[in-house]
Structures are given as C-alpha cells and as structure tokens.
Amino acid sequence: MTLRFALLGDPVRHSISPAMHLAAFEVLGLDAEYIARRTAPGEVGPVMRRADLAGGNVTLPHKPRAARALARPSAAVRATGACNCWWRRPDGELAGDNTDIGGLDIAFSRIGFRPRRARVLLLGAGGAARAAVHALLRGGVSSIEVLNRTPARAQALRDRALAQAVGADQAADAELSADANRAADAVRVVAAPQPGAAYDLVLNSTSLGLAPGDSLPLDLDGDADRARFGAAFDMVYAAGETAWVRHARALGVPAAGGLDMLVGQAALSLERWFPGHAAPFDVMREAAVAELARRTESEPRAGPGAE
Numbered sequence: 564m565t566l567r568f569a570l571l572g573d574p575v576r577h578s579i580s581p582a583m584h585l586a587a588f589e590v591l592g593l594d595a596e597y598i599a600r601r602t603a604p605g606e607v608g609p610v611m612r613r614a615d616l617a618g619g620n621v622t623l624p625h626k627p628r629a630a631r632a633l634a635r636p637s638a639a640v641r642a643t644g645a646c647n648c649w650w651r652r653p654d655g656e657l658a659g660d661n662t663d664i665g666g667l668d669i670a671f672s673r674i675g676f677r678p679r680r681a682r683v684l685l686l687g688a689g690g691a692a693r694a695a696v697h698a699l700l701r702g703g704v705s706s707i708e709v710l711n712r713t714p715a716r717a718q719a720l721r722d723r724a725l726a727q728a729v730g731a732d733q734a735a736d737a738e739l740s741a742d743a744n745r746a747a748d749a750v751r752v753v754a755a756p757q758p759g760a761a762y763d764l765v766l767n768s769t770s771l772g773l774a775p776g777d778s779l780p781l782d783l784d785g786d787a788d789r790a791r792f793g794a795a796f797d798m799v800y801a802a803g804e805t806a807w808v809r810h811a812r813a814l815g816v817p818a819a820g821g822l823d824m825l826v827g828q829a830a831l832s833l834e835r836w837f838p839g840h841a842a843p844f845d846v847m848r849e850a851a852v853a854e855l856a857r858r859t860e861s862e863p864r865a866g867p868g869a870e
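If you read the sequence shown in my numbering, its first letter stands for residue 564, the second for the next number, and so on.
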C-alpha cells in the first residue's frame, strides 16, 4: 500500500520539500508519495487526522497549530511550541517532532561550529529563533544575545525560555529540564552587539534577504568583524546563497545559508516516518539544489523555518 505524506502550510507553492522526499523515496525503494497542500488555519488539525495520511511536514504559519493537534509531542515540540513533522503511530495517535532543531545541528556541523561554551549573537526573535535557541541551549552554549528591531519580541523569546525554567523541576523529560535551567542564565536581550565582544557565531533568523534589495541583517565591517565573528549562519536559503552569506565569506568569515538546515530537517523527518532507514542526505540535497536552480527569479525565496 502506498503511504501518503503531505506538507501543510500557506503558501506552499515555493516548497522544495516534495522534490527532496520523492528523490529519497525512490533511492530507498519506499512505496510512498509526498504532496504540498495549501492549508487554511482551521484545517490543520483535521487534515493531520485524515486516515489517508501517514504523516507529513508543517511549514509557516501553522507549526504552533500542528503542535496543539498532537497526542504525543516530543520534548522539542513542548519546548518550542512548534511542530514541523508528524506521523501516525500504530495505535492511531498522532506523534510529532520539531526536526528544525536537529536540522540546525546538522547545518552547524557543516560549517565547523560547535555550540558547547560558545557565545552567540542571534538576530531576530520569531518562530525560527525559538528553534535556534533550543538547539543552541541543548548544545551547551554559554550565552545567546538576542538582537531584534522590536525589543518586546526579543524579551518574549527570553521570557519563554525562563517560563520553561520555572517548571523545570516538574519536567518529565530530563533534556527539556536541563535546557530550561540553562536558559535562565544564557539568554539575554541586547540593543546592539556588545562593543569589542567576540562571538563564535552570528545567526540570522529574520526574513531579511528574502527580497531583492533587502538590507543586510547585520553589516559586517572589514578586519574588525572578521576577528570578532567565528562563523555566520543565515536561516534564509536561496539559490546561489543570500547576499549576507556572500558578504560574510568575502570578509573571510565561514558562512552558510539555510539549505543544509532545510535538508537536515527533511532527512530527520523521513527517519521519523520510516524507523530503521537512514535518510540519503546527499541525494536529498542534490534534489533541493536542482529544484532551486529550476525556479525562475520571479518565484519567492524561502524564509526561516519554511520547508
């Protein structure tokens, strides 16, 4: 029997997820199909519960709604309030995970960034930033300085981390409890990068870079910033890399865009759906690159957290 998987979101026209997953299904010899389905807010839960779907992914703006539809959310879903991957268990209950976090881990490793004891400057405070904070805390960073043009949103991001810490003693999941405790000391809101401070990573979780002519999320300035920043990561992805990634590399700062995160979360999703199968990361990445190259310049780029 053919297993059906779907990407739920609005919009989904830009998505390269079908190309990645169909390529992987073919290589692994899996009898499965994958479609992108434009989904209204009120349809998210009902569509996830449809008997003809074995599981799928969720993209913007529905990840919080998907989290609320789960009977068995993972620790990562509980920590972030967002689900991007779900599947139907043998008992019929819906389980889900936030594989964006593991996707970030994969992307970090490909630029040689190790979170343990690292100092991070995080640009933005939206849904993508939640996944970034969780991945970084789990990796053992020493500090995350959140810079956002709306300080109240940055404070809300920190407050969420602190709220987890308040209930840490009651947390059933040891990993979630440890992350929450670290958050109390690690996450800080700043109005600007600390003068003269060195950062192991500067991470862009904003949508800057989606549209031609966008300003850079952070203008890196010559020799001084080459020494200040160990690496740069842009959660936005685009064919040919974003202007900010090219800008950082031109200064000699190791940098990468969000494509490896996108492929990583997709690979981890497939392994949730088909336990015992190793996702063919390179095959999925090649399919993603080919699909991006096929797109015309008039089509929208994909922002942080978009599949």
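Note that CB positions come from ideal geometry on N, CA and C, so glycine has one too. For clarity, every value in this text was computed on a predicted model and none was experimentally measured.
Under the DSSP definition of a beta bridge, which residues are partnered with residue i?
| i | result |
| --- | --- |
| S706 | R682 |
| V826 | In DSSP, V826 forms no bridge with anything. |
| F796 | L766, A819 |
| P636 | G659 |
| I674 | I674 pairs with nothing; no bridge assigned. |
| W649 | G619, G659 |
| E596 | R567 |
| V752 | V709 |
| R601 | G572 |
Give the straight-line distance between the Cα atoms of residue i and residue j, rounded to the nearest whole angstrom.
| i | j | result |
| --- | --- | --- |
| R857 | L764 | 32 Å |
| Y800 | R677 | 21 Å |
| A829 | S705 | 29 Å |
| E656 | F568 | 16 Å |
| T643 | M611 | 19 Å |
| W807 | D615 | 42 Å |
| G659 | G675 | 29 Å |
| R835 | A681 | 30 Å |
| R635 | P609 | 16 Å |
| G803 | R712 | 27 Å |
| M847 | P817 | 23 Å |
| A850 | M583 | 5 Å |
| L773 | R716 | 21 Å |
| A587 | G827 | 13 Å |
| A823 | L720 | In the sequence on display, residue 823 carries Asp and not Ala. Cα-Cα distance, rounded: 25 Å. |
| P871 | Q718 | Residue 871 is absent from the model: the chain starts at 564 and stops at 870. |
| L585 | P756 | 42 Å |
| L633 | R600 | 19 Å |
| G702 | R641 | 18 Å |
| L571 | L710 | 30 Å |
| T622 | D573 | 8 Å |
Classify residue i as buried or exposed, calling it buried when 16 or more other Cβ atoms lie within 10 Å of its own Cβ.
| i | result |
| --- | --- |
| H840 | exposed |
| V729 | With a pLDDT of only 49 at V729, under 50, the local geometry of the prediction cannot be trusted, and the value read off the model is given with reservation. Classification for V729: exposed. |
| T769 | buried |
| R515 | Since the first residue of the chain shown is 564 and the last is 870, residue 515 is not available in this structure. |
| A869 | buried |
| G778 | Just to set this straight, residue 778 is Ser in the shown sequence, not Gly. S778 should be labelled exposed. |
| D748 | exposed |
| P867 | buried |
| P838 | exposed |
| P653 | exposed |
| N661 | buried |
| R651 | buried |
| D788 | buried |
| A639 | buried |
Rank the options by C-alpha distance to the C-alpha of residue i and give the top, closest one.
| i | options | result |
| --- | --- | --- |
| L855 | T805, S637, D660, L783 | T805 |
| T565 | R835, T662, L833, E596 | E596 |
| A761 | D786, P775, A774 | D786 |
| A724 | R751, A715, P714 | R751 |
| A819 | N661, R613, L667, A582 | L667 |
| I664 | R652, P653, S637 | S637 |
| A794 | P780, L766, L771, D722 | L766 |
| M798 | G690, N620, P714 | G690 |
| L783 | F792, P775, G776 | F792 |
| A618 | D722, L833, P780 | Residue identity differs from the one stated: residue 618 is Gly in this sequence, not Ala. The option with the nearest alpha carbon to G618 is L833. |
Within 8 Å of any Cβ in chain C, is that where the Cβ of residue i sits?
| i | result |
| --- | --- |
| A754 | In the displayed structure, chain C is absent; only one protein chain is listed. |
Discussion item. Quick check: the stretch 580–597 against the stretch 834–851, are at least 3 beta-carbon pairs closer than 8 Å?
Written reply: In short, these stretches touch, since the Cβ pair count reaches three.
Discussion item. Counting beta carbon pairs with one atom in the stretch 806–819 and one in the stretch 636–647, are three or more of them shorter than 8 Å?
Written reply: Result no; under three Cβ-Cβ pairs closer than 8 Å.
Worksheet entry | Cβ contact (3+ pairs, closer than 8 Å) linking the stretch 685–692 and the stretch 602–614 | Segments in contact, no.
Discussion item. Any contact between the stretch 692–708 and the stretch 662–677? By contact I mean 3 or more CB pairs, one from each, below 8 Å.
Written reply: The count of Cβ pairs closer than 8 Å, one atom from the stretch 692–708 and one from the stretch 662–677, reaches three, so the stretches are in contact.
Item to complete: Taking 8 Å as the threshold, find out whether the stretch 625–640 comes into contact with the stretch 575–585 through three or more Cβ pairs.
Response: No: fewer than three Cβ pairs fall under 8 Å.
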